[in-house]
Amino acid sequence: MSAARRMVVTGREGQVVLSLLERGANDGRFEVIALGRPELDLSAPETIEAALREARPDVIVSAAAYTAVDQAETDEEAATVINGVAAGKIAQVAAALGVPVIHLSTDYVFDGSKTEAYVESDPVAPIGAYGRSKLAGEQAVAAATQNHAILRTAWVYSPFGKNFLKTMLKLAETRDSLNVVDDQVGNPTSALDIADTVLTVASNLLGSDDPALRGTFHMTGTGEGSWADFAIEIFARSKLAGGSTAEVGRIPSSAYPTPAKRPANSRLDCSLLELRHGTRLPDWKQSTAIIVERLART
Ligand SMILES: NC(=O)c1ccc[n+]([C@@H]2O[C@H](COP(=O)([O-])OP(=O)(O)OC[C@H]3O[C@@H](n4cnc5c(N)ncnc54)[C@H](OP(=O)(O)O)[C@@H]3O)[C@@H](O)[C@H]2O)c1
3 MSAARRMVVT
13 GREGQVVLSL
23 LERGANDGRF
33 EVIALGRPEL
43 DLSAPETIEA
53 ALREARPDVI
63 VSAAAYTAVD
73 QAETDEEAAT
83 VINGVAAGKI
93 AQVAAALGVP
103 VIHLSTDYVF
113 DGSKTEAYVE
123 SDPVAPIGAY
133 GRSKLAGEQA
143 VAAATQNHAI
153 LRTAWVYSPF
163 GKNFLKTMLK
173 LAETRDSLNV
183 VDDQVGNPTS
193 ALDIADTVLT
203 VASNLLGSDD
213 PALRGTFHMT
223 GTGEGSWADF
233 AIEIFARSKL
243 AGGSTAEVGR
253 IPSSAYPTPA
263 KRPANSRLDC
273 SLLELRHGTR
283 LPDWKQSTAI
293 IVERLART
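In this text, residue positions in the sequence shown follow the working numbering: the first is 3, and each later residue adds one.
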């Protein structure tokens, strides 16, 4: 049997990179290698080429990013270097090495004004600094190499790092009730499901030169809801698992101002990913249950 191929993922402690390390070990098709600071520092793009060459990838997953959406509003230059310039550099190195690059992007490239779920060909129009910086990354990746899959995801949660699900459970340890925004809708997406999908997409890219497998794809959990719906589901599952729980009050986003404006509609239509790559993420409620139960056991 041939040795597992090397999947080099950017970042060390991010939700997606930790999920890929876990799922990659179970899956066996790839040896997953996390590559991050100090060897690879996206805020210093000149570090990228040597670090990636040294790691000898068969496929590169560009998962590291400046993800502090509110902070980006007053730090757009740094966000643009990391999410735009560095993403482009990673893709240039992938092209030079002759390997595919899978680049993670976001629903924030859209303005959220569409009433239906967004498809890949919908016009982009980011409403904040983070979205602009991620769009710059998509454009730089596409300009650097044809051999790419840009996977746009949204509302990511996992047992790792910082995310909405963990924040809700933590707040419920000290509060009986919480007010949660109810006028933004999206598709909650488990980073563990993202990892499974990335492994499949990587395998497909390495297995075929077909241009239909390349380009931009939407990749979110199946099903939709508001942040309040998500919180209610988290607490329903947590109650069953013996964890913390709180009553949820539904509020408009105008009652919860943040430095960065969020799209009202974040829903992404993932039909193209299913058609071309033969994979669809599980229902978000099913994945929420799995992660809440796992956290309750730890
Ligand atoms: N979280 C979401 O809700 C969401 C939604 C849509 C799209 N996305 C996209 O999905 C991808 C993965 O997100 P995530 O949730 O896994 O992110 P995350 O948990 O916030 O982790 C960010 C990762 O980026 C790395 N990083 C940040 N600055 C870096 C730098 N200068 N040099 C090297 N590495 C750096 C961090 O490194 P350390 O490990 O060293 O801390 C960490 O591994 C990102 O491209 C993000 O834009 C996320």
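Note that CB positions come from ideal geometry on N, CA and C, so glycine has one too. Quantities reported herein were computed from a predicted structural model and do not represent experimental measurements.
Handout entry: Buried or exposed by the 16-neighbour rule on C-beta atoms within 10 Å, applied to Q148
Key = On the sequence shown, position 146 is the one that residue 148 refers to. Per the 10 Å Cβ criterion, exposed.
Exercise for the section: Below 8 Å on the Cβ atoms is my guess for S21 versus F162; work out the distance and round it to an integer in Å. Expected result: For the purposes of this step, residue 21 is taken as residue 19 along the sequence shown, with counting starting at 1. For the purposes of this step, residue 162 is taken as residue 160 along the sequence shown, with counting starting at 1. Yes, S21 and F162 are in contact; Cβ-Cβ is about 7 Å, under 8 Å.
Problem - Same chain only: Cβ atoms within 7 Å of R269, ignoring 5 sequence neighbours per side - result: Reading the sequence shown from its first residue, position 267 is the one you call residue 269. These residues qualify, in order along the chain: A119, Y120, V187, G188, N189, E226.
Problem - A127 to D271 span [Cα, whole Å] - result: Counting from 1 along the sequence shown, the entry for residue 127 is found at position 125. Counting from 1 along the sequence shown, the entry for residue 271 is found at position 269. Using only the alpha carbons, I get a separation of about 17 Å.
Practice task
With hydrogens ignored, establish whether the beta-carbon of D72 is closer than 8 Å to any heavy atom of ligand 1.
Solution key: Your numbering for residue 72 matches position 70 in the sequence shown. No, the Cβ of D72 stays beyond 8 Å of every heavy atom of ligand 1.
Exercise for the section: May I ask which residues mark the beginning and end of the beta strand (DSSP E) holding V182? Expected result: Walking along the sequence shown from the start, residue 182 turns up at place 180. Here the beta strand (DSSP E) through V182 covers 179-183.
Practice task
To the nearest angstrom, report how far apart A97 and T224 are at their CA atoms.
Solution key: Walking along the sequence shown from the start, residue 97 turns up at place 95. Walking along the sequence shown from the start, residue 224 turns up at place 222. Taking the straight line joining both Cα atoms gives about 32 Å.
Practice task
Give the DSSP bridge partners of G217, in chain order.
Solution key: The sequence position of residue 217 within the sequence shown is 215, counting from 1. Beta-bridge pairing links G217 to A151.
Exercise for the section: Return the CA-CA distance between N181 and R296, expressed in angstroms with no decimal places. Expected result: Position 179 of the sequence shown holds residue 181. Position 294 of the sequence shown holds residue 296. One C-alpha to the other measures close to 25 Å.
Exercise for the section: Examine ligand 1 and report whether any of its heavy atoms sits within less than 8 Å of the Cβ of Y68. Expected result: Stepping through the sequence shown from its first residue, residue 68 is reached at position 66. Y68: yes, Cβ under 8 Å from ligand 1.
Exercise for the section: Check whether the Cβ atoms of V2 and G245 sit closer than 9 Å, and answer yes or no. Expected result: Limits of the chain in this structure are 3 at one end and 300 at the other, which puts residue 2 out of reach.
Problem - Buried/exposed call for D212, threshold 16 Cβ in 10 Å - result: Working through the sequence shown from its first residue, we reach residue 212 at position 210. Around the C-beta of D212, fewer than 16 other C-beta atoms lie within 10 Å, and the residue is accordingly described as exposed.
Problem - Extent of the continuous alpha helix (DSSP H) run through V19 - result: For the purposes of this step, residue 19 is identified with residue 17 of the sequence shown, where counting begins at 1. Element bounds for V19: 17-29.
Practice task
Following the continuous beta strand (DSSP E) through L106, name the residue where it begins and the one where it ends.
Solution key: Translated into positions along the sequence shown, residue 106 becomes position 104. Element bounds for L106: 103-108.
Practice task
Determine the contact status of A197 and V61, defining contact as a CB-CB distance below 9 Å.
Solution key: The residue labelled residue 197 in the question sits at position 195 within the sequence shown. The residue labelled residue 61 in the question sits at position 59 within the sequence shown. No, the pair does not count as a contact, with Cβ atoms beyond the cut-off.
Problem - Through-space distance from G114 to A1, alpha-carbon basis - result: With the chain running from 3 to 300 in the structure shown, residue 1 is simply not present.
Handout entry: Residues near V143 by beta carbon distance below 7 Å, same chain, minus five either side
Key = On the sequence shown, position 141 is the one that residue 143 refers to. Same-chain partners within the cutoff: A89, G90, A93, V103, H105, H150, I152.
Handout entry: Coarse secondary structure for Y68, derived from DSSP in three states
Key = Within the sequence shown, residue 68 is the residue found at index 66, counting from 1. Looking at Y68 - three-state DSSP - the assignment turns out to be coil, as it is neither helix nor strand.
Problem - In DSSP terms, what I62 is bridged to - result: For the purposes of this step, residue 62 is identified with residue 60 of the sequence shown, where counting begins at 1. Answer by DSSP bridge pairing, in chain order: V10, V103.
Exercise for the section: Would you check whether ligand 1 has a heavy atom nearer than 8 Å to the C-beta of D271? Expected result: As a position in the sequence shown, residue 271 is number 269, starting the count at 1. D271 Cβ: outside cutoff for every heavy atom of ligand 1.
Problem - Residue closest to D29, alpha-carbon to alpha-carbon, out of E48, S205, G133 - result: Within the sequence shown, the letter at position 27 stands for residue 29. Measuring from the Cα of D29, the nearest candidate turns out to be S205.
Practice task
Confirm, please, whether the CB-CB distance from A66 to L99 is below 9 Å.
Solution key: The sequence position of residue 99 within the sequence shown is 97, counting from 1. The sequence position of residue 66 within the sequence shown is 64, counting from 1. Not a contact, by the Cβ cut-off of 9 Å.
Practice task
Give me the Cα-Cα distance between T76 and N165, rounded to the nearest whole angstrom.
Solution key: One-based indexing of the sequence shown puts residue 76 at position 74. One-based indexing of the sequence shown puts residue 165 at position 163. The straight-line gap from Cα to Cα measures roughly 21 Å.
Practice task
Consider the C-beta atom of D43 and the heavy atoms of ligand 1; say whether any pair is separated by less than 8 Å.
Solution key: Here residue 43 refers to the residue found at position 41 of the sequence shown. Indeed, a heavy atom of ligand 1 lies less than 8 Å from the Cβ.
Exercise for the section: Rounded to whole angstroms, what's the CA-CA distance from K241 to T247? Just pull it up for me. Expected result: For the purposes of this step, residue 241 is identified with residue 239 of the sequence shown, where counting begins at 1. For the purposes of this step, residue 247 is identified with residue 245 of the sequence shown, where counting begins at 1. Rounded to the nearest angstrom, the two C-alpha atoms are 6 Å apart.
Practice task
State the DSSP-derived secondary structure class of F303, mapped to helix, strand or coil.
Solution key: Nothing can be reported for residue 303: it is not among the residues displayed for the chain, which extend from 3 to 300.
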